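Reading through the structure tokens given below for one structure.
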Amino acid sequence: MTDSFNRKITYLRLSVTERCSEKCIYCSKSEGKCPKESELSAESFVKIARACALIGISKVRLTGGEPLLRRDFIQIVSGISSLNTYKDISLTTNAQLLKEQAHALKKAGINRCNISLDSLRDEAYNEMTGGDLQKVFRGIKAAFQERMTPVRLNTVLIKGKNDLEIDSFIEVARKYPVDVRFIELMPMGDASFEGISNEKILADRPYLKPVELTEDYSGPAKYYSSSGFAGKVGFISPISHSFCESCNRIRVTSDGFIRPCLGDTAEYSLKEALTGSTEDLARLIFDIIRKKPQRNSFSDSFQTNRKMNQIGG
Numbered sequence: 000m001t002d003s004f005n006r007k008i009t010y011l012r013l014s015v016t017e018r019c020s021e022k023c024i025y026c027s028k029s030e031g032k033c034p035k036e037s038e039l040s041a042e043s044f045v046k047i048a049r050a051c052a053l054i055g056i057s058k059v060r061l062t063g064g065e066p067l068l069r070r071d072f073i074q075i076v077s078g079i080s081s082l083n084t085y086k087d088i089s090l091t092t093n094a095q096l097l098k099e100q101a102h103a104l105k106k107a108g109i110n111r112c113n114i115s116l117d118s119l120r121d122e123a124y125n126e127m128t129g130g131d132l133q134k135v136f137r138g139i140k141a142a143f144q145e146r147m148t149p150v151r152l153n154t155v156l157i158k159g160k161n162d163l164e165i166d167s168f169i170e171v172a173r174k175y176p177v178d179v180r181f182i183e184l185m186p187m188g189d190a191s192f193e194g195i196s197n198e199k200i201l202a203d204r205p206y207l208k209p210v211e212l213t214e215d216y217s218g219p220a221k222y223y224s225s226s227g228f229a230g231k232v233g234f235i236s237p238i239s240h241s242f243c244e245s246c247n248r249i250r251v252t253s254d255g256f257i258r259p260c261l262g263d264t265a266e267y268s269l270k271e272a273l274t275g276s277t278e279d280l281a282r283l284i285f286d287i288i289r290k291k292p293q294r295n296s297f298s299d300s301f302q303t304n305r306k307m308n309q310i311g312g
């Protein structure tokens, strides 16, 4: 389907929980989290996916929080996979639990995964996330072993935290067949942190050249590479280069609200509609998508009503 600005909406991001095993400094704080009891059931997430398929959505990404914390996550994946309507079912994870679950995830229907990786140094990684970097490395290896590829590594650069690792991350893309993606810090967490402009990263590294992309690369990232690179370097730049005009996605929160735009506070409850027919739910989602704004509000002193872990990025 298309929205009111003739953008084709094909991509659903389902945040299945806002609980997380990490505490990323730019993402969340301990207070104000949605209790586990407020999370939708596995059946409800599958019903939402079924309804979205009826209006032409063909890709789904399962996010959080940390999706792998849900004990019924495999049930959610297999339920969506069994619909036989989605050509791509992907996962965003911090990879702390990925090694142990990779085989079951692939078998249930996960095609590929994005992994959050904000530092290549143990101490810095733990300081930024509270997590174990070695578990991430083991999770990345497991993703390759299960062929959940392409593997994409998402990095949020913050001045004074990991900005001196830019070239180390680029070196990962040179040596390994992974996509290393730099994501500009968005105004959705602690305002005391300062991000790094992707524009500056590119300007300082003229050897990185744009690459032609296949349909697998239909999102907001712009990809670059260089001679001898096994992988690619991606840039997601919602602040310096808005991609609103080609936005193809909607988001559903773990407590059952649909957000047509990440950078807008408008959200609409699906809870009552979940008690009715799938067709009625699809009609409601269709009507909400038609309300999707033309552009985000990041440049308008944006004040979020949810943190990133509550929306799913």
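For reference, each letter of the sequence shown is one residue, going 0 to 312 in numbering that gives the first Met the number 0. Here a beta-carbon is modelled for each residue, glycine too, at the ideal position from N, C-alpha and C. These numbers come from a predicted model, not from an experiment.
For residue i, which residues of its own chain have a beta-carbon under 7 Å away from its beta-carbon, when the five flanking residues on both sides are left out?
i	result
Lys208	Tyr223, Ser224, Ser225
Lys174	Ala229
Thr92	Glu65, Pro66, Leu67, Cys112, Ile114
Met0	Ile8, Ile54, Gly55, Phe285, Ile288
Arg49	Leu82, Thr277
Quick check on residue i: buried or exposed, where buried means 16 or more other Cβ atoms within 10 Å of its Cβ?
i	result
Asn197	buried
Arg146	exposed
Asp166	exposed
Pro176	exposed
Gln144	exposed
Gln293	exposed
Excluding sequence positions up to five away, which residues of its chain have a Cβ less than 6 Å from the Cβ of residue i?
i	result
Arg18	Gly64, Leu68
Asp71	Ala41
Glu30	The pLDDT assigned to Glu30 is 45, lower than 50, so where the model puts this residue is not dependable; a value taken from the coordinates is nonetheless given after this. Within the same chain, Glu30 has no close Cβ partners at all.
Ser3	Arg289
Leu283	Ala272
Is residue i helix, strand or coil when you go by DSSP?
i	result
Leu11	strand
Asp203	coil
Leu184	coil
Ser268	strand
Arg250	strand
Pro66	helix
Thr274	helix
Tyr222	strand
Arg18	coil
Ile24	coil
Phe256	strand
Arg289	coil
Ser29	Low confidence applies here, because Ser29 scores a pLDDT of 46, under 50, leaving its location unreliable; read the following figure in that light. Ser29 falls in the coil class under three-state DSSP.
Phe44	helix
Asp263	coil
Assuming residue i and residue j form a contact by the criterion Cβ under 8 Å, report the distance between their Cβ atoms to the nearest whole angstrom.
i	j	result
Ile200	Phe228	Contact flag wrong, Cβ pair sits at about 16 Å.
Leu97	Val59	Actually they do not touch by this definition, with Cβ atoms about 19 Å apart.
Thr62	Glu38	Not a contact, Cβ separation roughly 13 Å.
Leaving out five residues on either side along the sequence, give the residues of the same chain with a beta carbon under 8 Å from the beta carbon of residue i.
i	result
Val171	Leu119, Leu152, Val177, Val179, Gly230
Secondary structure, alpha helix (DSSP H): runs of 4+ residues fully inside the region 106-174
Runs of the alpha helix (DSSP H) inside the region 106-174: 121-128, 132-144, 165-174.
Counting only runs of 4+ residues fully inside the region 73-101, write out the alpha helix (DSSP H) ranges in chain order.
If only complete runs of 4 or more residues are kept, the region 73-101 shows no alpha helix (DSSP H) anywhere.
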